[in-house]
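**Student:** Per the numbering used here, the very first residue in the sequence shown carries number 16; after that it's consecutive. Glycine included, every Cβ here is placed at the ideal spot set by N, Cα and C. Starting off with a structure, shown below.
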Amino acid sequence: MSDETAAPTGSGDSWTQRLFGGFRKTSERLTENLSGIVGSTRLDDAQLDELEDALILTDLGPRAAARIRESLAAARFERGADEQAIKETVAAEIAAILRPVAKPLEIVAFPRPQVILVIGVNGSGKTTTIAKLANLFQEQDYSVMLAAGDTFRAAAIGQLAVWAERIGVPLVRGAEGGDPASIVFDAVKRATAEGTDVLIVDTAGRLQNKRELMDELAKIRRVLGRLNPEAPHDVVLVLDATNGQNALSQIAIFKEVAGVSGLIMTKLDGTARGGVLVAAAEQYGLPIHAIGVGERIDDLRPFDPDLVARVIAGIA
Ligand SMILES: Nc1nc2c(ncn2[C@@H]2O[C@H](COP(=O)(O)OP(=O)(O)O)[C@@H](O)[C@H]2O)c(=O)[nH]1
Ligand SMILES: [Mg+2]
16 MSDETAAPTG
26 SGDSWTQRLF
36 GGFRKTSERL
46 TENLSGIVGS
56 TRLDDAQLDE
66 LEDALILTDL
76 GPRAAARIRE
86 SLAAARFERG
96 ADEQAIKETV
106 AAEIAAILRP
116 VAKPLEIVAF
126 PRPQVILVIG
136 VNGSGKTTTI
146 AKLANLFQEQ
156 DYSVMLAAGD
166 TFRAAAIGQL
176 AVWAERIGVP
186 LVRGAEGGDP
196 ASIVFDAVKR
206 ATAEGTDVLI
216 VDTAGRLQNK
226 RELMDELAKI
236 RRVLGRLNPE
246 APHDVVLVLD
256 ATNGQNALSQ
266 IAIFKEVAGV
276 SGLIMTKLDG
286 TARGGVLVAA
296 AEQYGLPIHA
306 IGVGERIDDL
316 RPFDPDLVAR
326 VIAGIA
């Protein structure tokens, strides 16, 4: 299994290897806690209580802990629970939590464009994720346009411009400090005129001033709604997996300030506490569209609940 720690190579397998990295902390805690029940034929209440208490302390969240306890209580390990059988049971339970929320972003808007508003705190990975999404949509033969709605820092506009040029998609941008709503207005008009399939809008994530952020996002939504009552079709919150439990409070805040229709979790490589994804699925039930495991353009994929469940259980 030493391959799991190998440096990412860009091959198909490296995707799973990096996922193992992002979930390692969660997975190791889980395995440690499960080791106490290996060999048992029937798990008694005391053992199950102890296990549940320990699992609550992992980042999977209390409800996942309770469900894992129940499924292990119901499981019959005829010849004594071996580690593999326990892990399979746990993976099945985690997959059952994750499957209902796994929903890829689909381009279905009519009339076009489908407007995807991307929100999240600074540094969570919004701009990088927008580039990766644009690339995914292009691979599916959709035409894509980007709007630089994070006008707070010139660097943010420049960063999106670099990506737009690299992947060959048009960018609608304004001056630093400009009004994001007017950029979005121009972008929707241009995308409509050009028959663009998907318009992805970057935004600033200044949580320090919640009121201002709320006003800014509300204004963007108003302008969008005036041009197309269905827009934005998606409001995607980007979460940084290395934020652990903070990611959960960010969901609550952004639901309040902007409404959220789905999630993308980034940085599920390195030393993330990926288990928070399971807690988010349980607690909010919001669609999880995709996950990111690196800084490169092809480091984003639609969320695969079965693979992630097996990685968490340590058996992928
Ligand atoms: N390791 C890792 N880094 C990422 C990932 N996504 C984004 N980043 C990095 O995180 C930093 C912030 O990303 P950025 O897209 O600028 O975030 P924004 O402020 O929300 O727009 C950048 O250095 C990105 O390269 C990821 O999935 N994995
Ligand atoms: Mg940005």
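So, do the region 47-57 and the region 79-97 have three or more beta carbon pairs nearer to each other than 8 Å?
**Tutor:** Yes, the region 47-57 is in contact with the region 79-97.
**Student:** Would you say the beta carbon of Lys282 is closer than 7 Å to some non-hydrogen atom of ligand 1?
**Tutor:** As a working mapping, residue 282 is identified with position 267 in the sequence shown. Yes, since a heavy atom of ligand 1 falls inside the 7 Å radius drawn around the Cβ of Lys282.
**Student:** Grab the span of the beta strand (DSSP E) containing Gly164 for me, first residue to last.
**Tutor:** If you number the sequence shown from 1, residue 164 lands on position 149. Note, Gly164: beta strand (DSSP E), 159-164.
**Student:** May I have the straight-line CA-CA distance separating Ala89 from Arg78, to the nearest angstrom?
**Tutor:** Locating residue 89 in the sequence shown gives position 74, counting from the first residue. Locating residue 78 in the sequence shown gives position 63, counting from the first residue. When rounded, the distance between both Cα atoms is 17 Å.
**Student:** Return the CA-CA distance between Ser29 and Gly309, expressed in angstroms with no decimal places.
**Tutor:** Here the question's residue 29 lines up with position 14 in the sequence shown. Here the question's residue 309 lines up with position 294 in the sequence shown. Cα-Cα distance, rounded: 11 Å.
**Student:** Where does Leu214 sit, in a helix, a strand or coil, going by DSSP?
**Tutor:** Mapped onto the sequence shown, residue 214 falls at position 199. Three-state result, Leu214: strand.
**Student:** Relative to ligand 2, is the shortest distance from any of its heavy atoms to the C-beta of Gln174 smaller than 7 Å?
**Tutor:** Start at 1 with the first residue of the sequence shown, and residue 174 comes out as number 159. Gln174: yes, Cβ under 7 Å from ligand 2.
**Student:** Please classify Pro23: does DSSP put it in a helix, a strand, or coil?
**Tutor:** As a position in the sequence shown, residue 23 is number 8, starting the count at 1. Note that Pro23 scores 40 on pLDDT, short of 50, meaning its location in the model is unreliable; the coordinates nonetheless yield the value given after this. Coil at Pro23, not helix or strand.
**Student:** What number of angstroms, rounded off, separates the C-alpha of Gly240 from the C-alpha of Ile172?
**Tutor:** Position 225 of the sequence shown, counting from 1, holds the residue named residue 240. Position 157 of the sequence shown, counting from 1, holds the residue named residue 172. Gly240 and Ile172: Cα-Cα distance of roughly 24 Å.
**Student:** Three or more beta-carbon pairs under 8 Å between the region 130-140 and the region 240-260, yes or no?
**Tutor:** Short answer: they touch.
**Student:** Examine ligand 2 and report whether any of its heavy atoms sits within less than 7 Å of the Cβ of Lys147.
**Tutor:** Translated into the one-based positions of the sequence shown, residue 147 becomes position 132. Result no, Cβ not under 7 Å from ligand 2.
**Student:** Which residue or residues does DSSP assign as beta-bridge partners of Leu132?
**Tutor:** Within the sequence shown, numbered from 1, the residue matching residue 132 stands at position 117. Leu132 pairs with Val216, Val250.
**Student:** For the region 99-108 and the region 135-149, state whether three or more C-beta atom pairs, one from each stretch, are separated by less than 8 Å.
**Tutor:** No, because fewer than three Cβ pairs between the region 99-108 and the region 135-149 fall closer than 8 Å, the two stretches do not touch.
**Student:** For the region 201-211 against the region 116-123, are there 3 or more C-beta pairs whose distance is under 8 Å?
**Tutor:** In short, these stretches do not touch, since the Cβ pair count stays below three.
**Student:** Buried or exposed for Ala256, going by 16 or more other Cβ atoms inside 10 Å?
**Tutor:** Along the sequence shown, one-based indexing puts residue 256 at 241. When all chains shown are included, Ala256 counts as buried.
**Student:** How long is the line joining the alpha carbons of Val238 and Arg44, rounded to whole angstroms?
**Tutor:** Locating residue 238 in the sequence shown gives position 223, where the first residue counts as 1. Locating residue 44 in the sequence shown gives position 29, where the first residue counts as 1. Each residue's alpha carbon lies about 47 Å from the other.
**Student:** Could you spell out the range, first to last residue, of the alpha helix (DSSP H) harbouring Gly307?
**Tutor:** As a working mapping, residue 307 is identified with position 292 in the sequence shown. Looking at the DSSP string, Gly307 is not in any alpha helix (DSSP H); the run it does join, the beta strand (DSSP E), is 303-307.
**Student:** Starting from Pro244, follow the beta strand (DSSP E) in both directions and report where the run begins and ends.
**Tutor:** Locating residue 244 in the sequence shown gives position 229, counting from the first residue. That residue, Pro244, is in no beta strand (DSSP E); it is neither H nor E in DSSP.
**Student:** State yes or no: is the C-beta of Thr73 nearer than 7 Å to some heavy atom of ligand 2?
**Tutor:** By one-based count along the sequence shown, residue 73 stands at place 58. Answer for Thr73: no, Cβ out of range of ligand 2.
**Student:** Under DSSP, the beta strand (DSSP E) around Thr281 begins and ends at which residues?
**Tutor:** Locating residue 281 in the sequence shown gives position 266, counting from the first residue. It spans 277-281 - the beta strand (DSSP E) in which Thr281 sits, taken as one unbroken run.
**Student:** Can you name the start and end residues of the alpha helix (DSSP H) that Arg57 belongs to?
**Tutor:** For the purposes of this step, residue 57 is taken as the residue at position 42 of the sequence shown. Where Arg57 is concerned, there is no enclosing alpha helix (DSSP H), given that its DSSP letter is neither H nor E.
**Student:** Between Gly220, Ile235, Glu227, which lies nearest to Leu252 when the distance is taken from Cα to Cα?
**Tutor:** As a first step, residue 252 is located in the sequence shown; it is residue number 237 there, counting from the start. Closest by alpha carbon: Gly220.
**Student:** Quick one: what does DSSP say Ala124 is sitting in, helix, strand or coil?
**Tutor:** Numbered from its first residue, the sequence shown carries residue 124 at position 109. Note: Ala124 maps to coil in three-state DSSP.
**Student:** With the cut-off set at 8 Å, would you say Ser158 and Thr281 are in Cβ contact?
**Tutor:** Locating residue 158 in the sequence shown gives position 143, where the first residue counts as 1. Locating residue 281 in the sequence shown gives position 266, where the first residue counts as 1. In this structure, Thr281 does not lie closer than 8 Å to Ser158 by Cβ.
**Student:** Taking the alpha-carbon positions, what's the Thr104 to Ile83 distance?
**Tutor:** As a working mapping, residue 104 is identified with position 89 in the sequence shown. As a working mapping, residue 83 is identified with position 68 in the sequence shown. Cα-Cα distance, rounded: 8 Å.
**Student:** Does ligand 1 have a heavy atom nearer than 7 Å to the CB of Val253?
**Tutor:** Against the sequence shown, residue 253 aligns to sequence position 238. Result yes, Cβ under 7 Å from ligand 1.
**Student:** Using a Cβ distance threshold of 8 Å, determine whether the region 56-72 contacts the region 280-294, with at least three qualifying pairs required.
**Tutor:** Touching, no.
**Student:** Enumerate in chain order the residues of its own chain whose CB-to-CB distance from Ala296 is below 6 Å, with the five nearest sequence positions on each side excluded.
**Tutor:** Reading the sequence shown from its first residue, position 281 is the one you call residue 296. Cβ within range, chain order: Ile112, Leu113, Val116.
**Student:** Opposite Val272 in the DSSP bridges: which residues?
**Tutor:** On the sequence shown, residue 272 is found 257 positions in, with the first residue counted as 1. Beta-bridge pairing links Val272 to no other residue.
**Student:** For Ala81 and Leu301, what's the separation of their Cα atoms in angstroms?
**Tutor:** The count along the sequence shown starts at 1 and reaches residue 81 at position 66. The count along the sequence shown starts at 1 and reaches residue 301 at position 286. So the alpha carbons of these two residues sit roughly 20 Å apart.
**Student:** How far does the alpha helix (DSSP H) with Arg316 in it reach, from first residue to last?
**Tutor:** Residue 316 sits at position 301 when you count from the first residue of the sequence shown. Element bounds for Arg316: not the alpha helix (DSSP H) but the beta strand (DSSP E), 315-317.
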